[in-house]
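Participant:
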Amino acid sequence: MKIAVTGKGGVGKTTISSLIARRLAEKDYKVLAIDADADANFASALGIDIKEHNIQPISKMDELIEEKMGAGENLGQGLYTLNPFVGDVPERFSIPHKGVDFLAVGTITKGGAGCYCADNKMLKRLLNHIVLQRQEAVIIDMEAGLEHLSRGTAKGIDGFIVVVEPGQRSIETALNVKKMAGDIGIQKVYAIANKVRSEEELRLIEESLEDIELLTHIPYSSSISTADLKGVSPADTPEEELVLTVDSIIEKINVRGN
Ligand SMILES: Nc1ncnc2c1ncn2[C@@H]1O[C@H](COP(=O)(O)OP(=O)(O)O)[C@@H](O)[C@H]1O
Ligand SMILES: [Mg+2]
13 MKIAVTGKGG VGKTTISSLI ARRLAEKDYK VLAIDADADA NFASALGIDI KEHNIQPISK
73 MDELIEEKMG AGENLGQGLY TLNPFVGDVP ERFSIPHKGV DFLAVGTITK GGAGCYCADN
133 KMLKRLLNHI VLQRQEAVII DMEAGLEHLS RGTAKGIDGF IVVVEPGQRS IETALNVKKM
193 AGDIGIQKVY AIANKVRSEE ELRLIEESLE DIELLTHIPY SSSISTADLK GVSPADTPEE
253 ELVLTVDSII EKINVRGN
């Protein structure tokens, strides 16, 4: 099962990604959790002690990129190995925690027009490998821009989730994501409405989502906000209701994934 979670900043992508990843691990799935967001806090949301680990995204590991992509002097000139072997990267750099292997891959560097920077190539190649070649369940926490997903990678994603909250801005982002997803061949985009406080809010979200299917909604949750306040994982102390909702997300993606 390969799940990508996207949406506007602050809507709850990282929270929901960590709940899904930790729940899959509880269900004995082998899980790879990927942080591909500039706002890189998936590790702490999973409950990893970030003071204990010096977490650096793969896209910033210059020596590794050089090792994989080609000789140093070529790097500035766009001359790279086209298909570097990246299959060892998850094992070499992931951090295990409570049944989840965590890997920070980083984000696309926005270079000049037509930038073919080695770090970007490497990141795309790595994500392609992770989505298409890995056997375990993969959860990717990522930003709303989809630059790091190639058409080939997109094909391997079973559940492409965009998180929205009550508010038109996050819905605008979702509609944009849906358009970009279509451009790279992702047919089906699911929405999760998060931080919902009333029927009215849910109804307004439903009405605005156009043809994006609403998978489920997650109410505003005091266990989630308290966990963040204390700096612990929301997956350590979820309400029973929340666990059931996460189970329903997993089930729906399992059934409908292609
Ligand atoms: N259902 C919820 N109820 C209460 N607070 C939530 C809920 N979902 C997320 N939050 C809080 O909202 C903030 C942003 O969540 P986060 O997962 O970091 O968003 P994103 O990854 O999309 O930027 C955090 O403080 C988180 O604890
Ligand atoms: Mg986040």
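Per our numbering, residue 13 is the first one in the sequence shown, and the count goes up by one each step. Just so it is clear, CB atoms sit at the ideal spot from N, CA and C, and this is done for glycine as well. Keep in mind the model is a prediction, meaning the values are calculated, not measured.
Which residue's Cα is closest to the Cα of A37: Q145, G21 and F114?
Facilitator: Within the sequence shown, the letter at position 25 stands for residue 37. The shortest Cα separation from A37 among Q145, G21 and F114 belongs to F114.
Participant: Going by beta carbon distance, what residues of the same chain come within less than 7 Å of A193, once the five residues before and after it are set aside?
Facilitator: If you number the sequence shown from 1, residue 193 lands on position 181. Hits under 7 Å: L158, F172 and V201.
Participant: Roughly how many angstroms lie between the CA atoms of T249 and L256, to the nearest whole one?
Facilitator: Within the sequence shown, the letter at position 237 stands for residue 249. Within the sequence shown, the letter at position 244 stands for residue 256. Whole-angstrom Cα-Cα distance: 13 Å.
Participant: Can you list, in chain order, the residues of its chain with a C-beta nearer than 8 Å to that of S56? Leave out the 5 residues immediately preceding and following it.
Facilitator: Along the sequence shown, read from residue 1 onward, the residue named residue 56 stands at position 44. Cβ neighbours of S56 beyond the five flanking positions: I62, G243 and S245.
Participant: Compute the Euclidean distance between the alpha carbons of N270 and I77, then round it to the nearest angstrom.
Facilitator: Residue 270 sits at position 258 when you count from the first residue of the sequence shown. Residue 77 sits at position 65 when you count from the first residue of the sequence shown. Low confidence applies to N270: its pLDDT is 45, below 50, so where it sits in the model is not reliable, and the reading given next is rough at best. The alpha-carbon separation between N270 and I77 amounts to approximately 33 Å.
Participant: Taking Cβ to Cβ, would you say A205 is nearer than 8 Å to L214?
Facilitator: Here residue 205 refers to the residue found at position 193 when the sequence shown is read from its first residue. Here residue 214 refers to the residue found at position 202 when the sequence shown is read from its first residue. In this structure, L214 lies closer than 8 Å to A205 by Cβ.
Participant: Can you tell which of A130, I169, I46 and G179 has the C-alpha that lies nearest to the C-alpha of I196?
Facilitator: Stepping through the sequence shown from its first residue, residue 196 is reached at position 184. The option with the nearest alpha carbon to I196 is I169.
Participant: Under three-state DSSP, which class holds K14?
Facilitator: Working through the sequence shown from its first residue, we reach residue 14 at position 2. K14: strand per DSSP, three-state reduction.
Participant: For a test of your reading of the model: does the CB of Y202 fall under 7 Å from any non-hydrogen atom of ligand 1? Yes or no.
Facilitator: Start at 1 with the first residue of the sequence shown, and residue 202 comes out as number 190. At a cut-off of 7 Å, the beta-carbon of Y202 does not count as near ligand 1: no heavy atom of the ligand is closer than that.
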